[in-house]
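Student: Pasting a structure here, questions to come.
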Amino acid sequence: MVRIAVFASGTGSNYEAIMKYADQLAVPDIQISLLVCDQPQAGAIAKAQQWQTPVFLVQRRQFADKKAFEQHILLRLKEDKIEFIALAGYMRLIGPTLLNEYYGRIINLHPSLLPTFPGLDAVGQALSAGVKVTGVTVHFVDAGMDTGPIIAQQAVTVDDCDDHESLSRKIHAVEHDLYPRIVHQCATGQIYLDQGRVCYRVLSSLRSSEE
Ligand code: GRF
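Start counting the sequence shown at 45; every next residue gets the next number (my numbering).
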């Protein structure tokens, strides 16, 4: 079982999608062992309680600086033997304290086709730009804002009648389908980072049938 922490600041619908996915795996080889949340009002907390995932609520303002904040999180991740981190609407840049420990084992989900529309309100940015296609990106986290090596992308059509709410809904539907699968594949090493490149492990059953 690969022990995963999900980091969330918001409603937690992607956290819940990951839980549902993990719950129906024929071979349960991942476990969502912790929800890390920096917002006491986040909907993700109630969802985690329903799914009986331990919640680690940690607020940035209780620490002198980002380093101390992340050291506190890191301690808990180590105590809980967390091997992989999935950011799911976590509204903070990951700093060197966490990144040094988890680089290549931490991924993020972003509601646009990166590198277009990084940062806040990617849905609003897409609507303002008037694009006809936007989408969803999953990427390994690096020190930048939504800049790490891209693992998967899926397009979403922007219709003339779309507003922020309807486009967000379409994007969320794609995220809920895509992200849990990628979390599973990355956490179990089927997809991995090697010298900054995203690599795919060939399944041994496939290889032997080809030999
Ligand atoms: C998602 O749209 C994700 O792409 C972005 O934050 C949102 C989180 O949504 N990073 P939720 O809290 O999982 O519903």
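The C-beta atom is built at its ideal place from N, Cα and C for all residues, glycine as well.
Under 8 Å: do the segment 46-56 and the segment 127-140 share three or more Cβ pairs, one atom per stretch?
Tutor: Judged by Cβ distances under 8 Å, the segment 46-56 makes contact with the segment 127-140, as three or more pairs qualify.
Student: Give the straight-line distance between the Cα atoms of glycine 192 and aspartate 186, rounded to the nearest whole angstrom.
Tutor: Within the sequence shown, the letter at position 148 stands for residue 192. Within the sequence shown, the letter at position 142 stands for residue 186. Whole-angstrom Cα-Cα distance: 5 Å.
Student: What residue from Leu158, Gln103, Cys81 has the CA that sits closest to proline 93's CA?
Tutor: Residue 93 sits at position 49 when you count from the first residue of the sequence shown. The amino acid occupying residue 93 in the given sequence is glutamine; proline does not appear at that position. Nearest C-alpha to glutamine 93: Cys81.
Student: Curious, which full-length beta strand (DSSP E) runs of at least 3 residues does the segment 136-175 contain?
Tutor: You should have 150-154.
Student: Straight-line CA distance for aspartate 238 to threonine 97?
Tutor: For the purposes of this step, residue 238 is identified with residue 194 of the sequence shown, where counting begins at 1. For the purposes of this step, residue 97 is identified with residue 53 of the sequence shown, where counting begins at 1. The alpha-carbon atoms of aspartate 238 and threonine 97 are separated by roughly 31 Å.
Student: Check whether the Cβ of alanine 132 sits closer than 7 Å to any heavy atom of the ligand GRF, and report yes or no.
Tutor: Mapped onto the sequence shown, residue 132 falls at position 88. Flag set: Cβ of alanine 132 near the ligand GRF.
Student: In angstroms with no decimal places, state the Cα-to-Cα distance between isoleucine 62 and valine 218.
Tutor: Taking the first residue of the sequence shown as 1, we reach residue 62 at position 18. Taking the first residue of the sequence shown as 1, we reach residue 218 at position 174. Approximately 13 Å, taken between the alpha carbons.
Student: Skipping 5 residues on each side, what residues in its chain have a beta carbon closer than 7 Å to that of leucine 222?
Tutor: Looking up residue 222 in the sequence shown gives position 178. Taken in chain order, the residues that qualify are Val180, Val182, Ala196, Gln198.
Student: Closer than 7 Å: is that where the CB of threonine 55 sits relative to any heavy atom of the ligand GRF?
Tutor: Counting from 1 along the sequence shown, the entry for residue 55 is found at position 11. For the ligand GRF, at least one heavy atom lies less than 7 Å from the Cβ of threonine 55.
Student: Is it right to say cysteine 243 is buried, meaning 16 or more other beta carbons lie within 10 angstroms of its own, or is it exposed?
Tutor: If you number the sequence shown from 1, residue 243 lands on position 199. It is exposed - the Cβ of cysteine 243 has fewer than 16 other Cβ atoms within 10 Å.
Student: Should leucine 101 be counted as a contact of the ligand GRF given a C-beta to heavy atom distance under 7 Å?
Tutor: If you number the sequence shown from 1, residue 101 lands on position 57. No - the ligand GRF has no heavy atom lying nearer than 7 Å to the Cβ of leucine 101.
Student: Along the chain, where does the beta strand (DSSP E) that runs through isoleucine 76 open and close?
Tutor: On the sequence shown, position 32 is the one that residue 76 refers to. Unbroken beta strand (DSSP E) run through isoleucine 76: 74-81.
Student: Comparing the CB of isoleucine 215 with every heavy atom of the ligand GRF, is any distance shorter than 7 Å?
Tutor: Along the sequence shown, one-based indexing puts residue 215 at 171. Checking the Cβ of isoleucine 215 against the ligand GRF gives yes.
Student: By a C-beta neighbour count over all protein chains shown, 10 Å radius and 16 as the cutoff for buried, is asparagine 144 buried or exposed?
Tutor: Looking up residue 144 in the sequence shown gives position 100. Classification of asparagine 144: exposed, given that the 10 Å Cβ count is below 16.
Student: State yes or no: is the C-beta of valine 227 within less than 8 Å of the C-beta of isoleucine 151?
Tutor: Position 183 of the sequence shown, counted from the start, is the residue given in the question as residue 227. Position 107 of the sequence shown, counted from the start, is the residue given in the question as residue 151. Yes, Cβ-Cβ distance for valine 227 and isoleucine 151 is below 8 Å.
Student: Indicate whether the contact test is met: 3 or more Cβ pairs, each with one atom in the segment 102-122 and one in the segment 69-80, closer than 8 Å.
Tutor: Contact holds: three or more Cβ-Cβ distances are below 8 Å.
Student: Measuring alpha carbon to alpha carbon, tell me which residue in Val167, Gly188, Lys111, Gly240 is nearest serine 210.
Tutor: On the sequence shown, position 166 is the one that residue 210 refers to. Comparing Cα positions, the closest option is Val167.
Student: Just confirm the distance between the C-beta atoms of valine 46 and isoleucine 74, as a whole number of angstroms; I'd bet it's less than 8 Å.
Tutor: Here residue 46 is taken as the residue at index 2 of the sequence shown, counted from 1. Here residue 74 is taken as the residue at index 30 of the sequence shown, counted from 1. That belief holds up - the Cβ atoms of valine 46 and isoleucine 74 are roughly 5 Å apart, short of 8 Å.
Student: Run the proximity test for histidine 154: is its beta-carbon closer than 7 Å to any non-hydrogen atom belonging to the ligand GRF?
Tutor: Residue 154 sits at position 110 when you count from the first residue of the sequence shown. Yes.
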